[in-house]
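Following: one structure in structure tokens, then a few remarks.
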Amino acid sequence: MYDLAVIGAGPAGCSAAITAARQGARVVLFEKGDFPRQKVCGEFVSAESLALLSSLLSVAQRPLLENALRICAAQIFLDGRTIRTKIEPAAASIP
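Residue numbers for the sequence shown follow the working numbering, so the first one is -8 and each next one is one higher.
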């Protein structure tokens, strides 16, 4: 018997399941797909999200964040022009 069933193991579902389990709930997490999988833009983690992600990871998993490639600039290509901008604070790429 479970206290909570979470459907979908994407970022929101995993966050909900982890948070509920840490509060003592018995949680089952359902996902129709296989992991790991590549997703378009799925590796970009904004600087604003890094602290939340860190709080959801176990101590053993935190090196994933510490060793992640930092994204500190972006380029947009439009009509033969290139626009470059800094990303401050830096985001992270976490495959």
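All residues carry an ideal CB built from backbone N, CA and C; glycine is no exception.
Less than 7 Å separates the beta-carbon of ALA16 from that of ASP(-6).
Contact between ALA83 and LEU56 is confirmed by a C-beta separation of about 7 Å, below the 8 Å threshold. Here LYS77 is near ALA64, since their CB atoms are less than 7 Å apart.
In this structure, ALA11 sits near VAL18, with a CB-CB distance shorter than 7 Å. A distance below 8 Å between beta-carbons, with the five flanking residues on each side excluded, links ARG53 to the following residues of its chain, in chain order: SER45. Straight across, the Cα-Cα distance linking LEU69 with ILE(-2) is about 39 Å. In this structure, ALA3 is the residue among ARG72, ILE62 and ALA3 with its C-alpha nearest to the C-alpha of GLU22. Under the rule that a run must span 3 or more residues, the beta strand (DSSP E) segments found entirely inside the stretch 41 to 80 read 60 to 69.
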